Structures are given as structure tokens and as C-alpha cells.
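A.B. asks: Residue 1447 in my numbering sits at position 121 of the sequence shown; the count goes up by one each step and never skips. Glycine included, each C-beta is placed from N, C-alpha and C at the ideal position. Just so it is clear, the structure is predicted and the values come from calculations on it, not from any experiment.
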Amino acid sequence: MTEITERAGGCLCGQVRFTVRHGGEVHVCHCSLCRKATGGPMLAVICEGAPDFDDASPVGIYHSSDQGERGFCLRCGSQLYFRHTPDNAYAFTAGTFDDQSPMVMTDEIYIKDKPGFYDFANETRRYSQDVDSDPVPRHG
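Encoded structure:
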């Protein structure tokens, strides 16, 4: 894992801009809700604390489960993050960051839910479901 650093990102159209703190570990979620929301597995970066959005950022919220909500750009529809509401933990989609060079894929969760049409070649820790001891917020 790289050092926790403040990094910026934004949506496809550029209307939403944010800054978060993270260490660059990319966690992959194969659960059905993440796949429906993103069109494939969710590649997520777990953030330290809450994000800082620019004042004009048009962020919509969709409550996808009892435990979570997803943030997206109201203008272009880009999915920005999943927030685990019980502990206010944010996982931003890896592709929204301006500089993705320090990122490393480290974990895959809900591996039993992964469809058979794709596999990652990366060496990762794999979990059949989300585990309480893992830093990945529960998805839903």
C-alpha cells in the first residue's frame, strides 16, 4: 500500500470534482448490486474520511440498500462512490481519479458471485463474501 495522500478526481463531464485521502489500494467487488451499478465489477478505492466536493458539484444519491448509498453525477451519470452508511465509509470508483498511477489492485470480495466471463490476472486476496476484518466497506 502506498502512503495515504490527498488525491483529486471527477466525473466524465467534469461537473463533479472531489478530493479524498487514500492509499491507492484498489478493491474489487463482484456482488450483483455493484455489477448492476457499474456494468461490471466495481473497482473501488477505500477513502480515509469523507470526501470534499467542489461547491458546484451536482452529486445525486441513490439508496441502493439498507446499508449503503451510491453517489453519481446528476449531469453525466458517472458513478462516483459507494458509501457504507452505518460507519460513513466511502469507496470511490478507481476510474474517477485524475492520477491512477499509484493504484494497485489488492483485494476481491464476493468472488463466488463473479460471473464466469471475466477473470483478473492480478495476484489478489480473494474473499467469498465481505469479511468483518477486511477494510472494504460492505457493498449493497
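In angstroms, rounded to a whole number, what distance separates the CA positions of Tyr1444 and Pro1377?
C.D. replies: For the purposes of this step, residue 1444 is taken as residue 118 along the sequence shown, with counting starting at 1. For the purposes of this step, residue 1377 is taken as residue 51 along the sequence shown, with counting starting at 1. Approximately 31 Å between the Cα atoms of the pair.
A.B. asks: For His1389, is the classification buried or exposed, using 16 other Cβ atoms within 10 angstroms of its Cβ as the cut-off for buried?
C.D. replies: Counting from one through the sequence shown, the residue named residue 1389 turns up at place 63. When all chains shown are included, His1389 counts as exposed.
A.B. asks: So what does Tyr1444 bridge to, in DSSP terms?
C.D. replies: By 1-based counting over the sequence shown, the position of residue 1444 is 118. Its beta-bridge partners do not exist; DSSP assigns none.
A.B. asks: Note down the Cα distance separating Arg1451 from Leu1359, rounded to an integer number of angstroms.
C.D. replies: For this step, residue 1451 is matched to residue 125 along the sequence shown. For this step, residue 1359 is matched to residue 33 along the sequence shown. Distance between the alpha carbons of Arg1451 and Leu1359: 21 Å.
A.B. asks: Considering only residues of the region 1353-1413, which uninterrupted beta strand (DSSP E) runs meet the minimum length of 3 residues and lie entirely inside it, listed in chain order?
C.D. replies: For the region 1353-1413, whole beta strand (DSSP E) runs of length 3 or above, ordered along the chain, are 1368-1373, 1385-1388, 1394-1399, 1405-1410.
A.B. asks: Nearest-angstrom Cα distance between Ile1330 and Gly1375?
C.D. replies: Here residue 1330 refers to the residue found at position 4 of the sequence shown. Here residue 1375 refers to the residue found at position 49 of the sequence shown. Between Ile1330 and Gly1375, the C-alpha separation is close to 11 Å.
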